[in-house]
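Quick notes on the structure that follows.
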Amino acid sequence: MKKIDVLARVLLVVGGLNWGLVGIFHFDLVAAIVGRHFGETSPVSSVIYILVGLAAIYEALSWRSIQRRQHGSYSPAAV
């Protein structure tokens, strides 16, 4: 698995857990952590949200090639 695939999945897990906390408890973990260090409406939290969004776009666009690589039928011509 490529490093970018792992990074994208980690970001998606972080984003998914954060949205779950927002939906269930109305608690934004990213804002709580980042806000404590950089201020409530920090550009750092915006960067984190943008990275999570880009990870989702990456996963959506590369789903088939990732599946091929994981199942061993990967060939550069097929991507």
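Using the working numbering, you'd call the opening residue of the sequence shown number 151 and step up by one each time. Note that the Cβ used here is the ideal one computed from N, Cα and C, for glycine as well.
DSSP state of Phe175 mapped onto helix, strand, coil
In the sequence shown, the residue the question calls residue 175 occupies position 25. Helix at Phe175.
Considering only residues of the same chain and omitting the five flanking positions on each side of Ile198, which have a CB-CB separation below 6 Å?
Taking the sequence shown and counting its residues from 1, the one referred to as residue 198 is at position 48. The beta carbon of Ile198 lies closer than 6 Å to those of Val180 in the same chain, with the five residues before and after it left out.
N- and C-terminal bounds of the alpha helix (DSSP H) containing Ser192
Residue 192 sits at position 42 when you count from the first residue of the sequence shown. Ser192 -> no alpha helix (DSSP H), and no H or E assigned at all.
What do you reckon, are the CB atoms on Val194 and Val164 nearer than 8 Å?
Locating residue 194 in the sequence shown gives position 44, where the first residue counts as 1. Locating residue 164 in the sequence shown gives position 14, where the first residue counts as 1. Not in contact: Val194 and Val164 (Cβ atoms no closer than 8 Å).
Using 10 angstroms around the beta-carbon of Ala158, count the other beta-carbons present and answer buried if the total reaches 16, otherwise exposed.
Walking along the sequence shown from the start, residue 158 turns up at place 8. By the neighbour-count rule (16 or more Cβ atoms within 10 Å), Ala158 is buried.
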